[in-house]
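Trainee: Residue numbers (my numbering), protein chains in the order written: chain A, 1 to 298; chain B, 1001 to 1094. Got a structure here, written out as structure tokens. Questions coming.
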Amino acid sequence: MAANLQVLRRRIRSVTSTRKITKAQELVAASRIGRAQERVAAARPYAETITGVLAELAANSQIDHPLLGRRDPVVQAGILLVTSDRGLCGGYNANVIKETEQLAARLRDEGKQVVLYVLGRKGTAYYRFRDRPLAGSWTGFSERPTAAEAQETSDSVMADFLATSGERAIQELYLVHTEFRSLIIQIAQARRLAPVELPVAESGGLRPAYEFEPEAGVLLRELLPKYINARVYAAMLESAASESASRRRAMKSATDNADDLITAYTRQMNSARQAAITQEISEIVGGANALAAAGSEE
Amino acid sequence: MTKLLHVDLVSVEAKIWSGAAEMLVARTTEGELGVLPGHQPLIGLLAEPSLVRVKRPGGEERCYEVSSGFLSVTGERATILAETCQHSEARVAH
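See the structure below:
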């Protein structure tokens, strides 16, 4: 009995310290969601303006650009995947990886070879473990991506897209990231990044006659890479917000489970202690009775 | 009362500054350009590096160092899109 009590006590202690960790993780993640959402909001004006400007440019001119035209045949397609650096975030990474695998399977069915670019340590580890070659991987900033890191990523992916020949050349580029719908809902999304589908300007009667300085073709050439960069950056920021939201949820349920366990163990321990006391009392009473019976017989 | 131009300075990471101005001066790859309220719609690529000056009502002037920037003007609104954008104290000699 005493041994059982010891075991239960030890278990309660261990679950309590685990609970402290998950609770702390939950609080940290909760505070990071807010900051991540602020960053998403702060990056929005740029993304919206550049989309608007690009739409105006596209409406006002007919230009060919390697980032715009579909290419035939598509031999290799690239997938840029955004995962997290740390675990303990529920199904977050599993969901993006599943989405990526579905997309890759579809592309392979269409006869295309798939090249992977991975952001985040978890995704990298997943593919390294399975001995799948990665065309690029960037880690260490999944929770706090900066524009410079987005730039580096999109520059190197775009270099492969713009290359016309060579082993690394890709003719299509997809982006898989986790969209932050709300605190509860985050959805893994696959989108085509390049060739770029030009945003369509809302048509409200007469279009203003734009003046371009320098000419529209040059402008478009300068703007398109920045547009892709802005989209990669936005995807990274949304993924960071989703990661924190997932982690908060996972840690919340871990904390709740720990609470349940602690309650269950405490009950078991109390009833074991009670049983031990009852048994002791009945032993004493039994002993005293036996002594009293023995005394009266003498 | 003169008409004012609404100016937004936006970098990739955040909105840097926003406010009313009498005039916006920037240098595109084609040359120096001043934007007054009611300017024709315009999209321009800024020269590298570029100093953007915003003349505020009341004579105050704000300067920003802008790299990889674009200028977009529509009616009463002017937006500067920049990769990086820093407030600069350096005054240009007149």
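For each residue, glycine too, the CB sits at the ideal point set by N, CA and C.
1) Using a Cβ-Cβ cut-off of less than 8 Å, give me the residues of the region 1025 to 1041 of chain B that come near chain A, in sequence order.
2) Nearest by alpha-carbon distance to A/Q151: which of B/A1014, B/V1073, B/V1066, B/E1083 is it?
3) Curious, which full-length beta strand (DSSP E) runs of at least 3 residues does the region 154 to 182 of chain A contain?
4) Quick one: list the residues of chain B neighbouring A/A241, beta-carbon separation under 8 Å, in chain order.
5) Which residue wins for smallest C-alpha separation from A/A135, given the options A/G34, A/T266, A/A77?
6) In chain B, what lies closer than 9 Å to A/T49 by C-beta?
7) For A/R248, count neighbouring Cβ atoms within 10 angstroms of its own Cβ and tell me buried if that reaches 16, exposed if not.
8) For A/A250, which three-state DSSP category applies?
9) Measure how close the beta-carbons of A/V82 and A/G120 come, nearest whole angstrom, since I'm counting them as under 8 Å.
10) If you draw a straight line from the alpha carbon of A/D256 to that of A/Q268, how long is it in whole angstroms?
11) For B/L1051, decide whether its Cβ has a neighbour in chain A, counting only Cβ atoms nearer than 9 Å.
12) Out of A/R273, A/A288, A/A292, A/A245, which has the shortest C-alpha to C-alpha gap to A/A30?
13) Along the region 220 to 251 of chain A, where does the CB come closer than 9 Å to a CB of chain B? Name the residues.
14) I'd like to confirm the pairing. Which residues does DSSP put opposite B/S1067 in its beta bridges?
15) Quick test of the definition: if touching needs 3 or more C-beta pairs under 8 Å, does the region 59 to 76 of chain A touch the region 208 to 224 of chain A?
16) Cβ of B/E1013 less than 9 Å from any chain A Cβ?
17) Figure out for me which residue from A/R32, A/I262, A/I63 has the closest Cα to the Cα of A/R11.
18) Say whether chain A places a C-beta atom closer than 9 Å to the C-beta of B/G1019.
19) Can you check whether the C-beta of B/L1059 is within less than 9 Å of a C-beta belonging to chain A?
20) Does B/L1045 get closer than 9 Å to chain A when you measure Cβ to Cβ?
21) Would you please verify whether the beta carbon of A/Q189 is less than 9 Å from any beta carbon of chain B?
22) Secondary structure at A/K226, three-state DSSP: helix, strand or coil?
23) Report all residues from its chain with a CB closer than 7 Å to the CB of A/G87; omit the five preceding and five following residues, and keep chain order.
24) Are A/V40 and A/A241 closer than 9 Å when you measure CB to CB?
25) Going by other Cβ atoms of all chains shown within 10 Å of its Cβ, with 16 needed for buried, is A/D260 buried or exposed?
26) For A/A209 and chain B, any beta-carbon pair shorter than 9 Å?
27) Just tell me which of A/P145, A/A125, A/Y117 has its CA closest to the CA of A/S137.
28) Going along chain B in order, which residues have a C-beta closer than 9 Å to the C-beta of A/P214?
29) For the beta strand (DSSP E) containing B/V1054, list its first residue and its last residue.
30) Looking at chain B, is there any beta carbon in it that lies within less than 9 Å of the beta carbon of A/R144?
31) Along the chain, where does the alpha helix (DSSP H) containing A/A104 start, and where does it finish?
32) At a Cβ threshold of 9 Å, is A/P199 touching chain B?
33) Return the chain-ordered list of same chain residues with a C-beta closer than 6 Å to the C-beta of A/Y127, the five sequence neighbours on each side being excluded.
34) Taking the beta carbon of A/S253 as the centre, do at least 16 other beta carbons fall within 10 Å, making it buried, or is it exposed?
35) Looking at the C-beta of A/P133, does it have a partner C-beta in chain B at a distance below 9 Å?
36) For A/D64, which of helix, strand or coil comes out of DSSP?
Mentor: In short:
1) Listed by position, the residues of the region 1025 to 1041 of chain B near chain A (Cβ gap below 8 Å) are T1028, T1029, E1030, L1033, Q1040, P1041.
2) B/E1083
3) 172 to 180
4) Here the premise fails: no neighbours, minimum Cβ distance about 15 Å.
5) A/A77
6) D1008, V1010, F1070, S1072, T1079, L1081
7) buried
8) Residue state, collapsed to three classes: helix.
9) 6 Å
10) 19 Å
11) no
12) When each option's Cα is compared against that of A/A30, the closest is A/A245.
13) Listed in chain order, the positions of the region 220 to 251 of chain A with a beta carbon within less than 9 Å of a beta carbon of chain B are E222, L223, K226, N229, A230, Y233.
14) B/T1084
15) Short answer: they touch.
16) yes
17) A/I262
18) Taking Cβ atoms only, chain A never reaches closer than 9 Å to B/G1019, which makes this a no.
19) The amino acid at residue 1059 of chain B is misidentified as Leu; the sequence shows Gly. No, its Cβ sits nowhere closer than 9 Å to a Cβ of chain A.
20) It does; some Cβ of chain A falls within 9 Å.
21) no
22) Three-state DSSP puts A/K226 in a helix.
23) K122
24) yes
25) exposed
26) Interface with chain B (9 Å Cβ-Cβ cutoff): A/A209 is included.
27) A/Y117
28) In chain order: T1028, T1029, E1030, G1044, L1045.
29) 1050 to 1055
30) no
31) 92 to 109
32) no
33) L134
34) So A/S253 ends up on the exposed side.
35) no
36) coil
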